[in-house]
Amino acid sequence: QYPAFHVHSSDYELVFINNNTSTNTINKLLNHVGTCKQYAIDTESERTNNQLSLIQINSIPIEAPSRVMLFGLKHLPNQHSQKYEKILQLFQLIFRLDNEIYSWGDMQRELEPGKDLIIWPIPATLNNIQPHFPAWYNWARTQ
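With my numbering, letter number 29 in the sequence shown gets 75, and the count goes up by one each step, no holes.
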């Protein structure tokens, strides 16, 4: 029996990004993502209409803590506000050239409805780890 997997709360910070997020918090995130080169990403869609509603991005920094950023797309500030511009800057830094984005599935397809937020085509390297999982799993079982 293996011990339970646990990530200590000091190793990450959960940040909700929406119209209530302070400019100070967004500025701290801009500083953080300016130094990160790797991210894990996932998306969620509305059940009723399958529209993209949440983008979850986990930074993978050299030193903890990482930031788990939850972008509530239906609750972002007005598109003409300074806060919205800063959120666009976050996406620009995260998806910039030479960054690596890890996902489970075709993230280019999943993010397409959010083209107005993200540089298109995405300059970062998108790594879909799903096709590699069976081989890794079989290898891990034999170790």
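Beta carbons: idealized from backbone N, C-alpha and C, even for Gly. What you are looking at is a predicted structure, and each value in this text was computed from that prediction instead of being measured.
Determine, using beta carbons only, whether Ser99 and Glu109 come nearer to each other than 8 Å. As a position in the sequence shown, residue 99 is number 53, starting the count at 1. As a position in the sequence shown, residue 109 is number 63, starting the count at 1. Result no, Cβ atoms of Ser99 and Glu109 do not sit closer than 8 Å.
Please state whether DSSP places Phe179 in a helix, a strand or coil. Taking the first residue of the sequence shown as 1, we reach residue 179 at position 133. Residue state, collapsed to three classes: helix.
What first and last residue would you give for the beta strand (DSSP E) that runs through Tyr27? The structure shown does not extend to residue 27, since the chain spans only 47 to 189, so no value can be given for it.
Between the beta-carbon of Leu76 and the beta-carbon of Val61, is there less than 8 Å? Counting from 1 along the sequence shown, the entry for residue 76 is found at position 30. Counting from 1 along the sequence shown, the entry for residue 61 is found at position 15. Going by C-beta atoms, Leu76 is not nearer than 8 Å to Val61.
Span of the alpha helix (DSSP H) around Ile72: Against the sequence shown, residue 72 aligns to sequence position 26. Note, Ile72: alpha helix (DSSP H), Thr69 to Val79.
Rounded to the nearest angstrom, what separates Trp166 and Gln47 at their Cα positions? Here residue 166 refers to the residue found at position 120 of the sequence shown. Here residue 47 refers to the residue found at position 1 of the sequence shown. If you take the alpha carbons of Trp166 and Gln47, they lie about 46 Å apart.
Who are the Cβ neighbours of Gly160 in its own chain at under 6 Å, not counting the five residues just before and after it? Indexing the sequence shown from 1 puts residue 160 at position 114. Closer than 6 Å at the Cβ level, and outside the excluded window around Gly160, lie Leu98.
Find the nearest neighbour of Asn104 within the set Leu136, Thr94 and Leu163, judged by alpha-carbon distance. For the purposes of this step, residue 104 is taken as residue 58 along the sequence shown, with counting starting at 1. Nearest C-alpha to Asn104: Leu136.
For the stretch 137-146 against the stretch 118-127, do three or more pairs of beta-carbon atoms, one drawn from each stretch, fall closer than 8 Å, so that the two count as touching? Segment contact: the stretch 137-146 against the stretch 118-127, fewer than three CB-CB distances shorter than 8 Å; contact not assigned.
Kindly indicate which residue of Glu156, Leu163, Leu116 and Pro177 has the alpha-carbon position closest to the one of Leu139. Walking along the sequence shown from the start, residue 139 turns up at place 93. Relative to the Cα of Leu139, the nearest Cα in the group Glu156, Leu163, Leu116 and Pro177 belongs to Leu163.
Taking the C-alpha atoms as reference points, what is the distance between Ile24 and Phe141? Only positions 47 to 189 of the chain appear in this structure, which leaves residue 24 out of reach.
My output table needs one value for Asn173: the three-state DSSP class, helix, strand or coil. For the purposes of this step, residue 173 is taken as the residue at position 127 of the sequence shown. Strand, per DSSP.
Inter-residue spacing [alpha-carbon to alpha-carbon] between Glu156 and Leu134: Mapped onto the sequence shown, residue 156 falls at position 110. Mapped onto the sequence shown, residue 134 falls at position 88. Cα-Cα distance, rounded: 18 Å.
For a quick check, are the C-beta atoms of Met115 and Ile63 less than 8 Å apart? In the sequence shown, counting from the first residue as 1, residue 115 sits at position 69. In the sequence shown, counting from the first residue as 1, residue 63 sits at position 17. A contact, by the Cβ cut-off of 8 Å.
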